[in-house]
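Peer 1:
Set out below in structure tokens:
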């Protein structure tokens with residue numbers, strides 16, 4: 377309960393909670409708050425840390441997401457989450473650390489904090505990529521640690537839509553008008569009560585109006601969508617209350633509906649890319665292409681602004697090795713996901729080269745072992761009748777990695793494309809033996825998340841945790857609670 381729901385530890389000493397326990401078992405005596413915080417929870421934390429450390433030892437690559445947030449007490453925290461594909465081809469996600477950052481949030485300080493965390497978990501050399509928002513300091517910190525960096529796709533979409541809407545005065549005016557109406561109802565209990573009565577009379581769903589949040593573009597979408605749903609009840613209620621000054625002309629409803637329809641694909645993509653249990657990195661290129669096509673089908677000023685923003689922010693996306701490799705290795709997309717076939721071919725060559733390099737590295741290790749073994753055999757073995765044959769085999773095996781790599785990649789692209797609704801990881805689970813060289817790369821690139829949302833999700837939980845009721849909760853306990861919460 378403490379970990380799952382972030383109840384304060386003092387709840388075990390609350391009279392109501394103790395009575396509830398007694399109803400179930402008169403003999404049960406709950407541990408004290410002090411015993412919980414001093415013994416039980418730290419012990420559970422250490423057990424789970426040990427379990428995760430063992431898991432992390434077995435992986436070759438992982439993706440991190442990280443973000444900075446501030447508690448109600450204005451204390452700065454850095455949260456890092458870790459994501460990888462297990463041997464059973466399932467995406468696993470964990471909170472590694474939530475650390476109090478009491479220094480200036482410079483590139484150097486943040487880079488040091490990140491490296492300290494990954495060193496603690498022995499994964500510094502396994503970090504394949506780190507996904508963050510577009511803040512300069514956190515991006516710089518990732519690159520300072522010589523890790524690949526990927527900007528959060530959800531944040532990029534947020535910038536694209538926000539900038540597009542703000543560049544169209546007519547859209548801004550309509551949004552502000554709806555916002556004024558929502559603000560009026562949310563600030564007046566009397567108005568809200570009248571609206572509820574009117575919803576019932578008109579047989580309209582009794583849904584609450586939605587207020588937009590400045591930092592989240594999709595909250596504007598939800599606000600407009602809900603307004604259109606409730607427009608008749610809102611209009612009638614405002615007229616009854618003599619607030620005609622807030623009314624939006626009925627002819628503007630078509631403009632609002634068109635705006636919602638234009639933004640709907642962006643809302644769907646934002647929601648889809650925020651599911652950390654799904655392979656999301658491979659979807660970036662095909663979804664970006666789909667959004668560009670959706671927006672190009674309209675002559676609306678908002679659509680034109682969206683197309684302009686996407687042209688700039690999606691530029692060279694198909695040449696990004698991280699994203700493009702994930703797309704190619706997703707059996708649902710392969711090269712079909714690319715608008716530029718040459719870009720897909722280039723990344724295919726990159727994967728072939730990467731496989732070749734891996735095979736040669738393994739071969740070099742194998743040859744070193746074989747040489748050490750051979751040196752232990754009597755010298756006269758060198759004059760064996762097999763010497764010429766062995767040299768031929770050795771010569772052919774030196775060419776073998778490149779041929780094998782090309783053949784396997786070519787074979788993969790010739791297999792049928794998977795249905796878009798099917799699970800790509802399940803496909804790899806069933807075909808990893810068919811493509812033994814590509815499978816490790818699939819595990820590497822498909823673990824890459826498109827967004828830093830998993831670490832952001834902790835913000836609301838952290839807000840619940842580091843509240844006034846727990847204002848004496850130490851940073852180490854904030855870390856412990858957030859870490860354990862992922863297990864419940």
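Numbering (this note's numbering), first residue to last: 377 to 864. Built from N, CA and C at the ideal position, the CB exists for glycine as well.
I'd like to know if the region 724–738 and the region 773–789 are in contact, where contact means that at least 3 CB-CB pairs between them fall below 8 Å.
Peer 2: Contact between the region 724–738 and the region 773–789 is present, because at least three Cβ pairs lie under 8 Å.
Peer 1: Determine the contact status of residue 707 and residue 800, defining contact as a CB-CB distance below 8 Å.
Peer 2: In the chain shown, the residue the question calls residue 707 occupies position 331. In the chain shown, the residue the question calls residue 800 occupies position 424. The answer is yes: Cβ separation under 8 Å.
Peer 1: Please classify residue 468: does DSSP put it in a helix, a strand, or coil?
Peer 2: Start at 1 with the first residue of the chain shown, and residue 468 comes out as number 92. Three-state result, residue 468: strand.
Peer 1: May I have the straight-line CA-CA distance separating residue 427 from residue 856, to the nearest angstrom?
Peer 2: The residue you call residue 427 lines up with position 51 of the chain shown. The residue you call residue 856 lines up with position 480 of the chain shown. Cα to Cα, the separation comes out at about 15 Å.
Peer 1: Tell me the rounded alpha-carbon separation between residue 590 and residue 536.
Peer 2: Counting from 1 along the chain shown, the entry for residue 590 is found at position 214. Counting from 1 along the chain shown, the entry for residue 536 is found at position 160. Answer to the nearest angstrom: the Cα atoms are 14 Å apart.
Peer 1: Which of helix, strand or coil does DSSP assign to residue 443?
Peer 2: Locating residue 443 in the chain shown gives position 67, where the first residue counts as 1. Three-state DSSP puts residue 443 in a strand.
Peer 1: Start and end of the alpha helix (DSSP H) containing residue 660?
Peer 2: The sequence position of residue 660 within the chain shown is 284, counting from 1. Its alpha helix (DSSP H) spans residues 660–672.
Peer 1: So, using beta-carbon positions, are residue 600 and residue 578 closer together than 8 Å?
Peer 2: Position 224 of the chain shown, counted from the start, is the residue given in the question as residue 600. Position 202 of the chain shown, counted from the start, is the residue given in the question as residue 578. No, the Cβ-Cβ distance between residue 600 and residue 578 is not below 8 Å.
Peer 1: With DSSP as the reference, please indicate the residues paired to residue 527 in a beta bridge.
Peer 2: Position 151 of the chain shown holds residue 527. Beta-bridge pairing links residue 527 to 508.
Peer 1: Is the CB-CB distance between residue 531 and residue 509 below 8 Å?
Peer 2: Here residue 531 refers to the residue found at position 155 of the chain shown. Here residue 509 refers to the residue found at position 133 of the chain shown. It is a contact, given that the beta carbons lie within the stated cut-off.
Peer 1: Under a three-way DSSP split, which group does residue 436 fall into?
Peer 2: As a position in the chain shown, residue 436 is number 60, starting the count at 1. Coil at residue 436, not helix or strand.
Peer 1: Would you check if the distance between the CB atom of residue 805 and the CB atom of residue 465 is smaller than 8 Å?
Peer 2: Translated into positions along the chain shown, residue 805 becomes position 429. Translated into positions along the chain shown, residue 465 becomes position 89. Yes; because the gap between Cβ atoms is below 8 Å, this pair is in contact.
Peer 1: My understanding is that residue 491 touches residue 521, with C-beta atoms under 8 Å, so please give their C-beta distance in whole angstroms.
Peer 2: As a working note, residue 491 is residue 115 in the chain shown. As a working note, residue 521 is residue 145 in the chain shown. So it is a contact: roughly 5 Å between Cβ atoms.
Peer 1: What is the DSSP secondary structure of residue 835, reduced to helix, strand or coil?
Peer 2: Counting from one through the chain shown, the residue named residue 835 turns up at place 459. Per-residue confidence for residue 835 stands at a pLDDT of 49, beneath the threshold of 50, marking its modelled position as unreliable; the derived number appears in the next sentence. DSSP places residue 835 in helix when its eight states are reduced to three.
Peer 1: Would you call the region 559–579 in contact with the region 701–715, where contact means no fewer than 3 C-beta pairs closer than 8 Å?
Peer 2: No, because fewer than three Cβ pairs between the region 559–579 and the region 701–715 fall closer than 8 Å, the two stretches do not touch.
Peer 1: Could you give the C-beta distance for residue 657 and residue 702, rounded to a whole number, given that I count them as a contact under 8 Å?
Peer 2: Position 281 of the chain shown, counting from 1, holds the residue named residue 657. Position 326 of the chain shown, counting from 1, holds the residue named residue 702. Confirmed, Cβ separation roughly 4 Å.
Peer 1: If residue 614 and residue 623 are in contact, beta carbons under 8 Å, what's the gap, nearest whole angstrom?
Peer 2: Counting from 1 along the chain shown, the entry for residue 614 is found at position 238. Counting from 1 along the chain shown, the entry for residue 623 is found at position 247. Between residue 623 and residue 614 the Cβ distance is about 6 Å, and since that is below 8 Å, they are a contact.
Peer 1: Can you name, in chain order, every residue of its own chain whose Cβ lies under 6 Å from the Cβ of residue 534, other than the five neighbours on each side?
Peer 2: For the purposes of this step, residue 534 is taken as residue 158 along the chain shown, with counting starting at 1. Counting only Cβ-Cβ distances below 6 Å, and skipping sequence neighbours, we find 593.
Peer 1: Starting from the Cα of residue 512, find the closest Cα among 788, 727 and 486 and give me that residue.
Peer 2: On the chain shown, residue 512 is found 136 positions in, with the first residue counted as 1. With distances taken between Cα atoms, residue 512 lies closest to 486.
Peer 1: Going by alpha carbons, who is nearest to residue 812 out of 777, 660 and 626?
Peer 2: Position 436 of the chain shown, counted from the first residue, corresponds to residue 812. Checked all of 777, 660 and 626; the closest Cα to residue 812 is 777.
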